[in-house]
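Everything on this sheet refers to the single structure shown next.
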Amino acid sequence: MDSRTVALIRTTFKAVAAEDGGSEKLARSFYAILFTQYPQVRDFFPAALDAQRDRLVKAIAYCVDRLEDPDRLLPFLAQLGRDHRKYGVVAEHYAAVGQSLKSALEAYAGTELWTDEISRAWDEGITVIAETMITAADQETTPPVWTGTVIEHREVLRNLAIVRLALDQPIQYAAGQYMSVQIPSRPRMWRYLSPAIPANAAGELEFHIRGVTGGWVSPAMVGHTRVGEQWLIGSPLGGLGVPRNTRRKMLMVGCGTGIAPLRAQLMAMTARRSNPKVDLFVGGHYPCDLYDLDVLSQLACANKWLTVTPVTESDENPWWHFDSTEEPIDLPGLQPRQIGQIGKIVAGHGNWDDRDVQIVGSPSMVQTTKFRLMAAGTPTGNIRHDPLF
Ligand SMILES: Cc1cc2nc3c(=O)[nH]c(=O)nc-3n(C[C@H](O)[C@H](O)[C@H](O)COP(=O)(O)OP(=O)(O)OC[C@H]3O[C@@H](n4cnc5c(N)ncnc54)[C@H](O)[C@@H]3O)c2cc1C
């Protein structure tokens with residue numbers, strides 16, 4: 003795609019989505035056109051579309067921002083295509099989505115902005131996206147979806163659970179990747195979760211799940227999961243992971259359940275003969291939020307290349323927290339706990355300009371930490387994180 007085509011796509015999208023409430027209007031219009039003109043695709047989507055709308059616009063923005071970087075965009079689209087096999091989508095569904103998106107954009111751009119050249123630019127962009135996804139899906143030989151039986155569900159915090167599953171067949175993924183998951187009580191509401199352990203031949207998976215207040219799915223995963231129920235799992239996604247022959251030192255920053263894909267990578271690294279130095283900062287609001295310190299302490303004690311520093315915003319547990327066994331504050335192998343905002347603490351330790359950096363957590367935590375590190379001198383190109391949608 004040439005730079006003029008990319009510029010035309012970007013300009014129209016920004017003009018439409020940047021307007022006050024523009025993203026919401028675009029998404030509403032897109033779904034209205036799609037379901038009216040192609041009613042057969044309605045069943046692929048959940049009944050309530052509020053969370054879906056937000057994700058759609060963020061996903062388009064993510065692609066639009068990377069149109070000039072095919073080395074990153076095309077593998078992402080290929081993964082998405084493989085993942086979309088779980089819906090049973092075929093080429094005609096991609097055409098329906100592409101046409102509806104174009105119609106919605108045209109309606110909001112207005113006749114002044116929407117020219118024939120812009121229309122052709124969008125055709126080209128949509129074709130690249132659809133063809134990359136369709137080709138990757140067609141070439142894939144793994145199952146479109148795996149079934150996992152819940153074998154353990156443990157609430158480790160008031161609003162955070164560890165769920166272990168046994169899959170019907172093993173799934174191959176790189177430690178650090180994530181996958182879409184559907185639970186029986188929330189049909190068609192797929193949500194991304196990151197395995198907290200590396201892939202294994204027995205097909206065991208472990209997820210760490212925080213219940214988001216007001217969320218459709220995560221509170222049910224945390225509060226109502228029963229041993230024996232069956233979850234559906236889509237193809238692995240994402241580009242986090244440790245390069246095979248890396249000598250470059252690493253910095254990992256994780257908050258809350260963001261620790262899951264990082265500890266999966268650390269566990270995978272323990273099986274390698276040599277590893278670069280890794281600094282892991284693990285954050286939470288209160289000391290009691292650091293639910294996985296036992297495992298991190300064991301990893302740090304057994305591996306000299308790993309330094310783990312706990313960070314909390316508050317020095318004290320909240321008044322409602324009660325633990326008769328008392329907090330294990332000084333676990334072996336860990337650095338002393340730091341108090342403060344995690345991005346600020348990490349950036350205060352140096353500019354990390356010689357490191358491969360991974361940041362995992364809520365969208366706001368990722369953005370703030372990235373900003374702090376960049377301000378401290380970490381090159382932007384060295385910082386990796388998952389898409390924030
Ligand atoms: C790449 C990736 C990996 C992920 N891995 C994990 C994981 O391992 N464990 C895990 O618990 N979650 C993980 N998530 C988040 C998860 O996919 C859901 O987004 C989250 O559980 C909320 O789903 P929900 O249906 O409960 O909320 P929704 O009904 O989708 O959203 C309800 C409201 O909550 C807001 N919201 C959604 N997510 C968050 C959040 N993280 N923080 C603050 N507000 C939010 C939404 O903007 C919306 O306003 C991951 C997300 C991504 C993108």
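Every letter in the sequence shown is one number past the one before it in this note's numbering, and letter 55, counting from 1, is 57.
Even for Gly, the Cβ is constructed at its ideal location relative to N, Cα and C.
1) Run through DSSP, which three-state label would F391 get?
2) What are the uninterrupted segments assigned as beta strand (DSSP E) that are 3 or more residues long and contained completely in the segment 241 to 265, given in chain order?
3) Go ahead and pull the three-state DSSP assignment for G213.
4) Hey, out of R160, T129, G83 and D4, whose CA is closest to K104's CA?
5) To the nearest angstrom, how far is it from the Cα of T225 to the Cα of I185?
6) Can you give me the Cβ contacts of E208 inside the same chain, cut-off strictly under 7 Å, excluding the 5 residues immediately before and after it?
7) Which residue wins for smallest C-alpha separation from L282, given the options G100, T13 and R357?
8) V152 by DSSP, collapsed to three states: which one?
9) Should the segment 101 to 120 be called in touch with the segment 13 to 33, which here means at least 3 C-beta pairs below 8 Å?
10) Considering only DSSP beta bridges, list what E208 is partnered with.
11) Using the Cα positions of E119 and I153, report the straight-line distance between them to the nearest angstrom.
12) Helix, strand or coil for L79, going by three-state DSSP, please let me know.
13) Is D281 helix, strand or coil when you go by DSSP?
14) Using the Cα positions of D1 and E142, report the straight-line distance between them to the nearest angstrom.
15) Which partner residues of P312 appear in the DSSP bridge assignment?
16) Within the chosen definition, does the segment 76 to 93 reach the segment 237 to 248 through at least 3 CB pairs nearer than 8 Å?
17) Ligand 1 and T28: does the residue's C-beta get closer than 8 Å to at least one heavy atom of that ligand?
18) Which first and last residues belong to the beta strand (DSSP E) in which W233 is found?
19) What residues does ligand 1 have around it, judged by CB closer than 5 Å to any heavy atom, in chain order?
20) What's the C-alpha gap between L234 and W124?
21) Tell whether a beta-carbon distance below 9 Å holds between F373 and G345.
22) Would you check if the distance between the CB atom of V284 and the CB atom of I261 is smaller than 9 Å?
23) What are the boundary residues of the alpha helix (DSSP H) that V99 is part of?
24) As a quick exercise: from A17, V183 and D73, pick the residue whose alpha carbon is nearest that of M3.
25) When the cut-off is 9 Å and only beta carbons count, does G90 lie next to chain C?
26) Applying the 10 Å Cβ sphere with the 16-neighbour rule, what's the burial state of A266?
27) According to the Cβ coordinates, are Q340 and T314 closer than 9 Å?
28) Looking only at its own chain, which residues have a Cβ that is under 7 Å from the Cβ of S316, when we skip the five neighbours before and after it?
29) Just curious, the alpha helix (DSSP H) that Q39 is in, first and last residue?
Quick answer:
1) Counted from its first residue, the sequence shown places residue 391 at position 389. F391: coil per DSSP, three-state reduction.
2) 252 to 257
3) Residue numbering aside, residue 213 sits at position 211 when the sequence shown is read from its first letter. Three-state DSSP puts G213 in coil, outside helix and strand.
4) Stepping through the sequence shown from its first residue, residue 104 is reached at position 102. Ranking R160, T129, G83 and D4 by Cα distance to K104 puts T129 first.
5) For this step, residue 225 is matched to residue 223 along the sequence shown. For this step, residue 185 is matched to residue 183 along the sequence shown. Checking the displayed sequence, the identity of residue 225 turns out to be Gly instead of Thr. Cα-Cα distance, rounded: 12 Å.
6) Your numbering for residue 208 matches position 206 in the sequence shown. Same-chain partners within the cutoff: I164, R166, P197, A198 and I199.
7) Numbered from 1 along the sequence shown, position 280 holds the residue referred to as residue 282. With distances taken between Cα atoms, L282 lies closest to R357.
8) The sequence position of residue 152 within the sequence shown is 150, counting from 1. Reduced to three states, the DSSP call for V152 is strand.
9) yes
10) Numbered from 1 along the sequence shown, position 206 holds the residue referred to as residue 208. Its beta-bridge partners are R166.
11) Here residue 119 refers to the residue found at position 117 of the sequence shown. Here residue 153 refers to the residue found at position 151 of the sequence shown. Each residue's Cα considered, the two are about 55 Å apart.
12) Within the sequence shown, the letter at position 77 stands for residue 79. It is helical.
13) For the purposes of this step, residue 281 is taken as residue 279 along the sequence shown, with counting starting at 1. Strand, per DSSP.
14) The question about residue 1 has no answer, for the chain in this structure spans 3 to 391.
15) Residue 312 sits at position 310 when you count from the first residue of the sequence shown. Partner(s): V284.
16) yes
17) Here residue 28 refers to the residue found at position 26 of the sequence shown. Going by the sequence as given, residue 28 is Leu instead of Thr. No, the beta carbon of L28 sits no closer than 8 Å to any heavy atom of ligand 1.
18) Reading the sequence shown from its first residue, position 231 is the one you call residue 233. First-last of the beta strand (DSSP E) with W233: Q232 to I235.
19) A53, Y180, R193, Y194, L195, S196, I211, R212, V214, G217, W218, V219, S220, T259, A262, S364 and D388
20) Here residue 234 corresponds to residue number 232 of the sequence shown, with the count starting at 1. Here residue 124 corresponds to residue number 122 of the sequence shown, with the count starting at 1. In a straight line, the C-alpha of L234 is about 34 Å away from that of W124.
21) As a first step, residue 373 is located in the sequence shown; it is residue number 371 there, counting from the start. As a first step, residue 345 is located in the sequence shown; it is residue number 343 there, counting from the start. Yes.
22) One-based indexing of the sequence shown puts residue 284 at position 282. One-based indexing of the sequence shown puts residue 261 at position 259. Contact flag set, yes.
23) In the sequence shown, the residue the question calls residue 99 occupies position 97. V99 -> alpha helix (DSSP H) spans A93 to L115.
24) Within the sequence shown, numbered from 1, the residue matching residue 3 stands at position 1. If we check each option's Cα against that of M3, D73 comes out closest.
25) In summary, chain C is missing from the structure at hand, where a single protein chain is found.
26) Reading the sequence shown from its first residue, position 264 is the one you call residue 266. With 16 or more other Cβ atoms within 10 Å, it is buried.
27) Position 338 of the sequence shown, counted from the start, is the residue given in the question as residue 340. Position 312 of the sequence shown, counted from the start, is the residue given in the question as residue 314. Cβ atoms of Q340 and T314: closer than 9 Å.
28) Taking the first residue of the sequence shown as position 1, residue 316 is located at position 314. Contacts found: H287 and Y288.
29) If you number the sequence shown from 1, residue 39 lands on position 37. Here the alpha helix (DSSP H) through Q39 covers G24 to Q39.
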